[in-house]
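Remarks on the structure that follows.
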Amino acid sequence: FGASFDCQMASAPKKTVPRRVHRTLRVGSITVILVEMNITMMQVDAVINAANSLSFMPMDGGVSGALRNACKPENVTGLDKRWWDDNGQEHLDKKLPTTQAGVQAAAGGLRERGVQFVVHAVGPTWTDWPISEKVFKIVPPKIRLTVKRALDAVNRVGATSCALPAISGGIFTHWRVGSDIKEREQRAARRAVVQAVLEWAEEQSTCSLVCIELCDLPHVQMFVEAFDAVLQKRSAKLSDGMPADSNRSEAPTCEQDPSPD
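Structure follows, in C-alpha cells:
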C-alpha cells in the first residue's frame, strides 16, 4: 500500500465525459473550478470522499457508495487509511476521527480512469445536534477544518488535481415537515466548503496541487450561489480597506458548457 504513493500522477489514458463548468477562479498558483459532473467520472489524481469514519463500508450510500462502486471489481471495504494529525504524525487506521481525512489507493474502474488516490474526509453530521439556529455556528467551522485537512492530505501524497464534493451537504442534514432546515444546512455546507478551499489555497506558498474541482450534480445551483456569495463577501472586505497580498484571488469568471442541457 505504501508504495502506491510513489506512482506517477494520472498516467492512465483519459476518456472524455460530459461536464459543465460553472465557475473558475485563480488563487495564487491554484485554479479552483466549479463543475456539474458525476464525481466518479472526474479526471483527476485524487477524489475526496464525503466519508463516514469507516468508509468504505458495504452499506455506504451517496458519494461514498458511488466511489466504492467505482472501484469495482476490486474490494476496497475495510482497508486502512493513511492520515496525519496536526503535529504531522502519520497514522494508519481503518477508522478515522471526525474532521480528519485519510488516504487509500484508488482501485478498479476508478484507477483505470486515472485516479490514484481516494481521500476520505469525515465531515461533521448535522443530525448530531437538535434542530436549532445553534447548529449554524457549530457545524460550518468543522466542515472548513475537514476540507482543509483533506486538501493537506491530497498535497502530502503529491497529487496535482483533486475533485471535492459538498462535504456534510447531503443525506445527514436535518429534515422536518414544513421546514426549510434541510436546504439551509445544504447551503451552509457548500458555503463552508468554498470558504475553506479559498482560505487553504491562499495559505499555500509551495504546493503540488494546482487544480481543485468542486463538483456536484443534484444541487449544483446551490454550489454556484454559495461560490458567488463567498466571493462577494471577500470582495466587500477588500473594498473596505483590508490589505491584499500576492496570493489574493482574482475576480471570478463564469464559463458555461456550450453543449445543450
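FYI, the numbering for the sequence shown is 1297 to 1557, going by our numbering. The beta carbon of each residue, even a glycine, is placed where N, CA and C say it ideally should be.
Secondary structure at N1365: helix, using DSSP grouped into helix, strand and coil.
Contact between the region 1481-1498 and the region 1514-1529 is present: three or more C-beta pairs spanning the two stretches fall below 8 Å. Taking a C-beta distance under 7 Å as the contact criterion, L1505 and I1344 do not qualify as a contact pair. As the crow flies, the alpha-carbon of V1359 is around 17 Å from that of L1447. Per DSSP, reduced to three states, the secondary structure at S1535 is helical.
Looking at Q1400, I1326, I1427, F1519, the one whose alpha-carbon comes closest to that of R1472 is I1427.
By DSSP's assignment, H1515 forms no beta bridge with any residue.
The DSSP-derived three-state label of K1444 is helix. Taking A1346 as reference, the option from W1496, K1529, L1363 with the minimal CA-CA separation is L1363. For the pair of segments examined, the region 1402-1413 was found not to touch the region 1430-1438: the number of CB pairs separated by less than 8 Å stays below three. Of the other Cβ atoms in all chains shown, 16 or more fall within 10 Å of the Cβ of K1377; this residue is therefore buried. With a cutoff of 7 Å on beta-carbon distance, S1349 and V1418 are scored as near each other. Rounded to whole angstroms, C1503 and N1371 show a C-alpha spacing of 32 Å. By the criterion of a C-beta distance shorter than 7 Å, Q1396 is surrounded in its chain by W1379, V1418, R1445, once the five residues flanking it on both sides are discounted. In chain order, S1360, R1364, V1372, T1373 place their CB closer than 7 Å to the CB of F1352, counting only its own chain and leaving out the 5 sequence neighbours on each side. Selection T1320, P1314, R1315, R1480 evaluated against C1507 yields T1320 as nearest (Cα-Cα).
Scanning E1386, C1458, E1481 for the CA closest to the CA of T1327 turns up C1458.
In this chain, the beta strand (DSSP E) harbouring W1379 covers 1377-1380.
Shown here for V1415: same chain residues with a beta carbon closer than 6 Å to its own, the five before and five after excluded, namely A1342, I1344, A1397, V1399, A1446, A1449, V1450 in chain order. I1439 sits in a helix when the DSSP states are folded into three classes.
In terms of Cβ geometry, T1442 and I1463 form a close pair [threshold 7 Å].
Nearest to W1425 by alpha-carbon distance, out of R1486, I1477, D1382, G1410, is I1477. Shortest Cα-Cα distance from H1515 to any of T1423, K1529, R1440, V1331 involves V1331.
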